[in-house]
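S.K.: The following block contains the structure, expressed as structure tokens.
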Amino acid sequence: MSRHKLLVANRGEIACRIIRAARTLDLPTVAVHSEVDATLPHVEMADEAVCIGPARASESYLVGERLLEAARSTGATLIHPGYGFLSESPAFA
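The opening residue of the sequence shown carries number 15 in the working numbering; numbering runs sequentially from there.
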């Protein structure tokens, strides 16, 4: 069993692909989602899920502190930014 847990800081197909890859490594996963994304496939696929805010990406997926708090609250030791959103932010890295 892995001592690490991966928070996937994205949604949709890219998040699903990251979660599938993590499973091949026996790496537990945490999905993040906005209030309206709670039923998306990546949320169902992950071992855990955390709501990070309202529907608008500028109030959820693009708020680095919300992602970091989700990682802290779930014990995630790794964060995969996915594609877009904060993956393109040097400050978040």
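All residues carry an ideal CB built from backbone N, CA and C; glycine is no exception.
Would you call the CB atoms of Ser72 and Ser48 closer than 8 angstroms?
M.R.: Their beta carbons are not under 8 angstroms apart, which means Ser72 does not touch Ser48 by this criterion.
S.K.: Rounded to whole angstroms, what's the CA-CA distance from His56 to Ile32? Just pull it up for me.
M.R.: Computed Cα separation, rounded: 9 angstroms.
S.K.: Which of the three DSSP states is assigned to Glu100 in this structure?
M.R.: Correcting the residue type first, residue 100 is Leu in the shown sequence and not Glu. Residue state, collapsed to three classes: helix.
S.K.: Specify the secondary structure class of Ser87 as computed by DSSP and reduced to three states.
M.R.: Correct three-state label for Ser87: helix.
S.K.: Does the separation of the CB atoms of Leu54 and Arg34 fall below 8 angstroms?
M.R.: Not a contact, by the Cβ cut-off of 8 angstroms.
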